[in-house]
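Reviewing the structure listed below.
In my numbering, the protein residues as written are 1128 to 2112.
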C-alpha cells in the first residue's frame, strides 16, 4: 500500500514557473487560484485522493461549534467511528479539498487580532489531505515534502520541521519515527526540531481522537542563515505553513490516552500563508487574494492608499482599517452564502459583530460613505468565485443583507449617542456613567463597548466598570442556565470510539432497524404497529461494553434488530418498553434511542438483571409514534406549500418534529405576509383533502440526486437512500425527464411517515418569525391541536370585535376610557401568547394596535380638556400672580401635570405648584418653574421640599418636577411651597 501511495506518475503539468526565489523583489509568482488548483491536482492525480468540495461554514450536526474552523470538521464522524456504515463518509480512504474556515468566537477566535498585524484572518482557506486508515506518517511526510520542494519549488534550506518531543507526564516518548522519516527525506538534522506537547500534539477537544503532529515552517529571510532558534517563537520572519497530524490516540474522559483502533492523517495548510510564500510577499494582504479588495476599498473611500503599515507607523489606523474591511467582507460573503446571517445569538451574533466592526472602520477611520462594504462584494466574488461557485449565485442577496444591517447599525449608533448625551445631562457631577445604561446600549443596540468608553472619555466621564462587569457576569450565568446549558451526551447511548471498534472487531452486526417501517393501515383506518422480537447483543454503561447489567441501573442496549426510531433527520426518537420473552409482566422502559455508527442504542432502565443473549420483544409508544409520523408528513407538505407560495428560491434551513408540534426554518426574502400564511395553509389543506398516498422506497443515492425538484438539506445521506413522495410513485419520479417532483413533495428522508395524507386532518401555523434577516421559522400543529387553535382564534376574534364596538361609542369619562385602554392591552397580551393561527394573530394584533392608539388618544384629549377647564378656573382665581400654589382635584398625576403645563402656557412668567389629594390618602404633587427664574429657582428642589413635608418623595428637572406624599401633611406642604418659592424670587 505504501509503495503504491508513493509511486511516481507523470509529472504535473505546471503552466508557470513555480520557482519561489529567495531574492526580494522577484516576480509576483503564481496566482492564488493556480496555487490552490496545483495542491488539489497533486493529491488527486498523483496520489489517488478523492477531491471533495468544501463543506459550508455552518457546522453540520455539531452544536458545540459556531463555525467550521478546520478542514477536519466534516470528517469528525470518521475519526469518532460514528459514521453510518452506509454513508458516503465511510467509503473515504484518501481525500483532498480546500475548506472554507472561519475563526471568530469560541475557542479559536482571531477577531480582535485581525487588522493589527498582516497575517490574522477571520476567514481563511485550509488546504488539506486526509488518510482514513490508509497511509500514515511516512507517506504523509513524503507527499508534503514532494509538493513543497518539487512542485512549488520552495528552497529546501528555507524549510524547518518540528516533531513531538515527548511528554513524560503522559508516558509518551518522542516521535522519533517521524524525525527519522524527515532525515531520510534529506532534511538536515539542524532543521528537524523537537517541541513539547503544547506545540506538537494536536487534540480535537478535551476528549476524543488526538496525536502527535509535525509542522513545516518557512524562513522568509533565508540567505543561508540557520533560523532554527526562531521556530515557534512568534517571529513573523519564520512562520508555520503546514501541519501534519497523526491521529493515533484517543483521550478518555479521565484524561488518559489509549491507542486508536485505526490511524488517520489530517493535514492543514493555510492557503493565504502559502500564497504569501510563493508570491514572495511578507504579508498575506499583499497577495492577489487581497489586493483587488484593497484596491476596491481605495476606490470607494478615495482616501490614502494601503501601504501595509502596522503599529505606531500606522498613523490614524488607516492601514489597519483596510485590513479589517478586506478580511471581514470576505467572511461576510462566505457566511451569508452558507446560510449564516447577522443575528442575535451564536454564530449569527458573531457575524453581526464582524459586520459592525467593519462598518465602524469604514465610517470612522476611512470616512467612506454608507454602502462601501456591500460594494466590495462583487470583487470578493471575483477573487473566490471560481473556487467556491456558490458565491456567484448569491451576490445580490449578500449585498442587500450587508446594506440593511449597515443601515440598522448606523441608526443604532445615532440612537446610542443620543442616549449617552441625555444620560450625561442628568448625571450628578463627579459620578460614573451608569453601568445599566451602558449594558443596555451594548446588549440591546449592539453599541460597541470601546465606542462607549471613547465617547465617555471625550466628556471626561468614566464608566462604572465594576458594575458593568457584574452585569456581564450575571448575563453569562443566565445564559449558562439556559435550555442548552450543561447538556452532555448521555454516556449510556453515545458509543465511544473504542467501544465501536470493539464491536466491529468482534463482528457484532450493526442493528437492522428496518422494522421501524413495518406498520399498516387496518380495515377501519387505524395504524397497526407490530411488535418486534430481538436478541440483546451487548450492553453499554459508563463508556464500557458489558455482558450483564444489574437491576435498577440505566444502560444502553444493543439489539440485532429493532422497530424503535432513533433520533435523526430532525424527528424525535421513539419511546416505549421491552419485555423479556416469557416474562410479560416485567417491563423494561425505553427512555431514548440513539444511532451511533450503525448501532441503535436503546437507553433502558433495567428493572431486573439484563444479559447479552436475552430474547426480548419491543413495543413502541404507538400514540407518540403516530403523532411524530403525522407531524413529519405534515412537515413535507409544509415545505412543498412554502415553495409553492413563496417561490422556488425557498430553501429548507432546518426542521424538528416532535409528537406535539413541528418546527420548520427556511430562506425568505422578507417577512411572510398574512395572505401568504393563509395561502400556505390552504395548499396544505388541499393535499390533506386529496388524501394522497405516501410512497416510500430506497434507491441508490446517485439515482436519487438526479430527480428534478428533489428537496434535500445539508446532510450526509446513506446509500441507498430513502425517498418519500406524496401522491406520485417513486418509480415515476425516477423516470428520465420526469417533472413529477416539481408538482408535489419529493424528499430524501429517513423518517417515519403516514401512509396517506388525510390522516393529518388539519394543519395550523401558530407562529412565524424571522430568526435573522433572511431566515424565518414557522411552528405548526396538526389534527385536533390545529382545530383547537382555530377555535381559540375565532373566540378571540369575537372579543376583539366586541371591544371595537365599545370603542366606537366614545365615552366621555376618563376612567371608562382608561379601562378600555387597559382591556386592549390585556387582550393584546392574550392574542400574542395564545396558540392560534398566525395569520389571524397578525390580523388581530393590527386591529388591537389601532384600538390601543385610539384609546390612548381619547384619554389624552379628555385629560387635556379637563386640564384646560381646571387651569382656566385657577387663572381666574389667582389673577396672573408670579407664583401659584393651590390644590385641585385630578384623577391622575398625568392630568395634574397637564393642568400645571396649561397654567404656565397661559401665564408664561408664572411658577406653579399644585397638590391633588386622592381617595386613597395619597397626595399628588406637580410643579413647573418659569424659565425666567432659573437657575436660582429649581422645580426639582421645590418638589422635594414640599413632598418631604408629606413624608413623600419627588424628582425631576430644574423646569418640571413631580412627586407624592401623605394627606396628613398637606396643609404644611402648601405653606412650605409658598415660603420656598418666595425665598427664591
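All residues carry an ideal CB built from backbone N, CA and C; glycine is no exception.
Margin query: Can you give me the C-alpha to C-alpha distance between residue 1816 and residue 1884, rounded to a whole angstrom?
Written below: The alpha-carbon atoms of residue 1816 and residue 1884 are separated by roughly 8 angstroms.
Notebook entry, point to check: Less than 9 angstroms separating the beta-carbons of residue 1363 and residue 1344?
Noted result: Not in contact: residue 1363 and residue 1344 (Cβ atoms no closer than 9 angstroms).
Item checked: Residue environment, residue 1471, which counts as buried when at least 16 other CB atoms sit within 10 Å -> The Cβ neighbour count for residue 1471, taken over all protein chains shown within 10 Å, is under 16; the residue is labelled exposed.
Checklist line | Chain-order list of residues whose beta-carbon lies under 6 angstroms from that of residue 2064 (same chain, five-residue window excluded) | finding: Hits under 6 angstroms: 2056 and 2111.
Next item on the list: Please confirm if the region 1761-1768 is in contact with the region 1892-1911, defined as three or more CB-CB distances below 8 angstroms between the two stretches.
Entry: Yes, the region 1761-1768 is in contact with the region 1892-1911.
Check: Is residue 1971 helix, strand or coil by DSSP?
Finding: DSSP places residue 1971 in helix when its eight states are reduced to three.
Notebook entry, point to check: From 1620, 1262 and 1565, pick the residue whose C-alpha is nearest to that of residue 1592; which is it?
Noted result: Ranking 1620, 1262 and 1565 by Cα distance to residue 1592 puts 1565 first.
Next item on the list: My understanding is that residue 1801 touches residue 1969, with C-beta atoms under 8 angstroms, so please give their C-beta distance in whole angstroms.
Entry: The beta-carbon distance between residue 1801 and residue 1969, rounded to whole angstroms, is 5 angstroms. This is short enough to meet the 8 angstroms contact definition.
Next item on the list: Going by CA-CA distance only, name the one from 1314, 1311, 1296 and 1289 that's closest to residue 1302.
Entry: Selection 1314, 1311, 1296 and 1289 evaluated against residue 1302 yields 1289 as nearest (Cα-Cα).
Margin query: Using only CA atoms, which one of 1295, 1467 and 1537 lies nearest to residue 1478?
Written below: Its Cα nearest to that of residue 1478, the residue 1467 stands out among 1295, 1467 and 1537.
Checklist line | Inter-residue Cα distance where the pair is residue 1190 and residue 1184 | finding: Straight across, the Cα-Cα distance linking residue 1190 with residue 1184 is about 13 angstroms.
Checklist line | Enclosing beta strand (DSSP E) for residue 1221 [first to last residue] | finding: Taken as a continuous stretch (DSSP letters only), the beta strand (DSSP E) holding residue 1221 covers 1221-1229.
Notebook entry, point to check: Where do the N-terminal and C-terminal ends of the beta strand (DSSP E) with residue 2054 fall, by residue?
Noted result: Note, residue 2054: beta strand (DSSP E), 2049-2055.
Note to self: Classify residue 1178: buried if its beta carbon has 16 or more other beta carbons within 10 angstroms, exposed otherwise.
What the structure shows: Under a 10 Å Cβ-count criterion, residue 1178 is classified as exposed, with fewer than 16 other Cβ atoms of the shown protein chains found around its own Cβ.
Check: Whose CA, out of 1880, 1892 and 1824, lies closest to the CA of residue 1789?
Finding: Out of 1880, 1892 and 1824, 1892 has the C-alpha closest to the C-alpha of residue 1789.
Margin query: Could you compute how far the alpha carbon of residue 1751 sits from the alpha carbon of residue 1972?
Written below: Residue 1751 and residue 1972: Cα-Cα distance of roughly 34 angstroms.
Check: Would you call residue 2103 buried or exposed, if buried means 16 or more other Cβ atoms sit within 10 Å of its Cβ?
Finding: By the 10 Å Cβ count, residue 2103 comes out buried.
Note to self: To the nearest angstrom, how far is the alpha carbon of residue 2094 from that of residue 2079?
What the structure shows: Answer to the nearest angstrom: the Cα atoms are 10 angstroms apart.
Margin query: For residue 1585 and residue 2038, what's the separation of their Cα atoms in angstroms?
Written below: Rounded to the nearest angstrom, the two C-alpha atoms are 37 angstroms apart.
Notebook entry, point to check: What number of angstroms, rounded off, separates the C-alpha of residue 2050 from the C-alpha of residue 2088?
Noted result: Taking the straight line joining both Cα atoms gives about 15 angstroms.
Check: Are the beta-carbon atoms belonging to residue 1728 and residue 1620 less than 9 angstroms from one another?
Finding: Contact: yes.
Notebook entry, point to check: Going by other Cβ atoms of all chains shown within 10 Å of its Cβ, with 16 needed for buried, is residue 1264 buried or exposed?
Noted result: Buried, because 16 or more other Cβ atoms sit within 10 Å of the Cβ of residue 1264.
Next item on the list: Consult DSSP for residue 1184 and reduce its assignment to one of helix, strand or coil.
Entry: If DSSP states are grouped into helix, strand and coil, residue 1184 belongs with coil.
Margin query: Tell me which residue opens and which closes the alpha helix (DSSP H) that residue 1444 is part of.
Written below: It is not in any alpha helix (DSSP H) - residue 1444 carries neither H nor E in the DSSP assignment.
Notebook entry, point to check: residue 2032 to residue 1554, Cα distance in whole Å?
Noted result: Between the alpha carbons of residue 2032 and residue 1554 lies a gap of roughly 28 angstroms.
Notebook entry, point to check: Can you give the Cα-Cα distance for residue 1229 and residue 1495, rounded to whole angstroms?
Noted result: Taking the straight line from one Cα to the other gives about 26 angstroms.
Next item on the list: Would you tell me roughly how many angstroms separate the C-alpha atoms of residue 1504 and residue 1460, rounded to the nearest one?
Entry: Computed Cα separation, rounded: 7 angstroms.
Notebook entry, point to check: Going by beta carbon distance, what residues of the same chain come within less than 7 angstroms of residue 1293, once the five residues before and after it are set aside?
Noted result: Excluding sequence neighbours, residue 1293 sits near 1299, 1300 and 1301.
Check: Could you give the uninterrupted runs of the alpha helix (DSSP H) lying entirely in the region 1504-1535, keeping only those of 4 residues or more?
Finding: The qualifying runs are 1504-1511.
Notebook entry, point to check: Helix, strand or coil for residue 1669 per DSSP?
Noted result: DSSP places residue 1669 in coil when its eight states are reduced to three.
Margin query: Can you tell me where the beta strand (DSSP E) holding residue 1397 begins and where it ends?
Written below: Its beta strand (DSSP E) spans residues 1384-1397.
Check: Based on Cα-Cα distance, which residue from 1723, 1708, 1711 and 1703 lies nearest to residue 1717?
Finding: Across the set 1723, 1708, 1711 and 1703, the C-alpha of 1703 shows the shortest separation from the C-alpha of residue 1717.
Next item on the list: Would you tell me roughly how many angstroms separate the C-alpha atoms of residue 1609 and residue 1700, rounded to the nearest one?
Entry: Because the pLDDT at residue 1609 is just 48, under 50, the model does not fix this residue reliably, and the point stays unresolved.
Check: Is the beta carbon of residue 1923 within less than 8 angstroms of some heavy atom of the ligand FAD?
Finding: Ligands are entirely absent from the displayed structure, and the ligand FAD is therefore not among its contents.
Notebook entry, point to check: Can you name the residues that DSSP bridges to residue 1646?
Noted result: Residue 1646 is bridged by DSSP to 1656.
Notebook entry, point to check: In or out: residue 1469 buried (at least 16 other Cβ within 10 Å) or exposed?
Noted result: If you draw a 10 Å sphere on the C-beta of residue 1469, you find 16 or more other C-beta atoms in it, and that means buried.
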